[in-house]
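Presented below is the structure to which this report refers.
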Amino acid sequence: MGFVRKTPAGTFRACWRDPAGGQKSKSFRTKREANAYLTEVEGTLNRGTYVNPHAGRTRFGDFAQQWLATRTVEARTTERTISMLRTHILPKWGDWPLGKVDFMSVQEWVTSLSRQLAPTTVAKCYQLLSMILRTAVQARLIGSNPAEGVKLPRDRSRDVKPVTISREAFFGKLLPAVPPRHRGIVCAAAGAGLRWGECAGLTWSSVDLDRVRLRVVQVAEETHGGILLRPYPKSRAGVRTVPLPGFLASALRQLLADAGEPDPRTLVFRDRIGRPLRRSNFRRRVWLPSLVRAGLLGQVVNVGPHRYRAVWLDREGVEWSAEFTTEREAVACVAARAVGGMRFHDLRHAYATWLVTDGVPINLVQRVMGHEQASTTLNRYTHTPDDYAARVLAAFDGSAASLLPLAEASPSKRVLDEDEEGL
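Every number in our numbering is 143 more than the matching position in the sequence shown, counting from 1.
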């Protein structure tokens, strides 16, 4: 049991022992305040929710470093976390005592960030701050998480319709515009729904061309120190076997023939000197120029002998143009300056959409996509095709045709009609 005693200075000190048996105390101006506080402390001790009133003096920056040292996550995740802490969180909260961080201060910080950063970035910064504060609550350094309930800016980018591509546009426009040596990785994304890391980490040991399937067991992860080959995918459901459609199997057979007899551990998709592909290099050198050549990003027009006009839109929707003496220069200009266009990951979206619109059961689509929940497949990776209205009508017309009345009424039908005329 705790007690209250009067000090020589005339104040009243509430005294108690913490769960470890250590003597703790806090002074108050009146005896009533001391007794009320002691009652509250004893209640938290009985409920097992006791928090040392002095623990909140720990600086946020010191606790964040301790929290970071206890995490066991992937190298890329650690890099992103450290970057976010250094850039956006510690400059604001590093010197604050944990006990001084309050709801209104966090809300003001989030509002200030939203004036400078994209909503998704603000949300990630907030989530990291809240995660650290939640750990401080679990460590009994503060009584509650002051970041709970903070209102985040709306991410309007989610309201924008995702960029999708039909099979006709994929085979008729995009694939022919991709350099031959890189068509295999594009086919892997569109024909097997592989993520970039799963494509970049695929080895020949995981490809079975005899049984026409591949197995996803390894991913490539880019870090500042290089590319790491992680021997497991994003989640447990990510370990999966995917059947190979004909165009993907053909592309892989061509790559295998070009590689001779590669070691089973050799990467299927690699650069010219055998290193793993870097996503940023592939996007800049291969993907974006391919979109331009396919007519899916900006426009390049031949306007005369050795004259090519490049046309593109900037972020504000303003149209720009420039002329070049070679098509290659014009394509490079549009690829570097145009805004929008498909992402490589959108091919994975297209893969799921194609399967669902063709009637493949959602549980099977979920399996080949490597999702743990079917809701993820439905909500994130399937989109309404442009011809959705025709598909809906065709579904009714096809199934209901046999149920409709015949054009010429039967005898029983004529009797019913005559009866109705008499009513």
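For every residue, glycine included, the Cβ atom is placed at its ideal position computed from N, Cα and C.
query, result
"My understanding is that residue 289 touches residue 244, with C-beta atoms under 8 Å, so please give their C-beta distance in whole angstroms.", "5 Å"
"Roughly how many whole angstroms lie between the Cα atoms of residue 499 and residue 284?", "50 Å"
"Can you tell which of 236, 207 and 238 has the C-alpha that lies nearest to the C-alpha of residue 224?", "207"
"Let me make sure I understand the geometry here. Which of 430, 190, 522 and 483 has the alpha-carbon closest to that of residue 286?", "190"
"Using a Cβ-Cβ cutoff of less than 6 Å, which residues in the same chain neighbour residue 250 once the five nearest sequence positions on both sides are dropped?", "293"
"Helix, strand or coil for residue 206 per DSSP?", "helix"
"Span of the alpha helix (DSSP H) holding residue 288?", "Careful: residue 288 lies outside any alpha helix (DSSP H) and carries neither H nor E."
"Smallest Cα separation from residue 503: which of 274, 162 and 520?", "520"
"Determine, using beta carbons only, whether residue 451 and residue 470 come nearer to each other than 7 Å.", "yes"
"Rounded to whole angstroms, what's the CA-CA distance from residue 428 to residue 536? Just pull it up for me.", "43 Å"
"Any contact of the segment 472-490 with the segment 443-459, i.e. 3+ C-beta pairs under 8 Å?", "yes"
"For residue 148, does the three-state DSSP call read helix, strand or coil?", "strand"
"Relative to the C-alpha of residue 346, which candidate in 217, 316, 360 and 277 has its C-alpha closest?", "360"
"Can you say whether residue 558 is buried or exposed, counting buried as having 16 or more other CB atoms within 10 angstroms of its CB?", "Note that residue 558 scores a pLDDT of 41, beneath 50, so its modelled location is shaky and nothing firm can be said."
"Could you give the uninterrupted runs of the beta strand (DSSP E) lying entirely in the segment 192-248, keeping only those of 3 residues or more?", "none"
"Run the CB neighbour count on residue 518, radius 10 Å, all protein chains shown included, and call it buried at 16 or more, exposed below.", "exposed"
"What's the gap between the Cα of residue 279 and the Cα of residue 176?", "27 Å"
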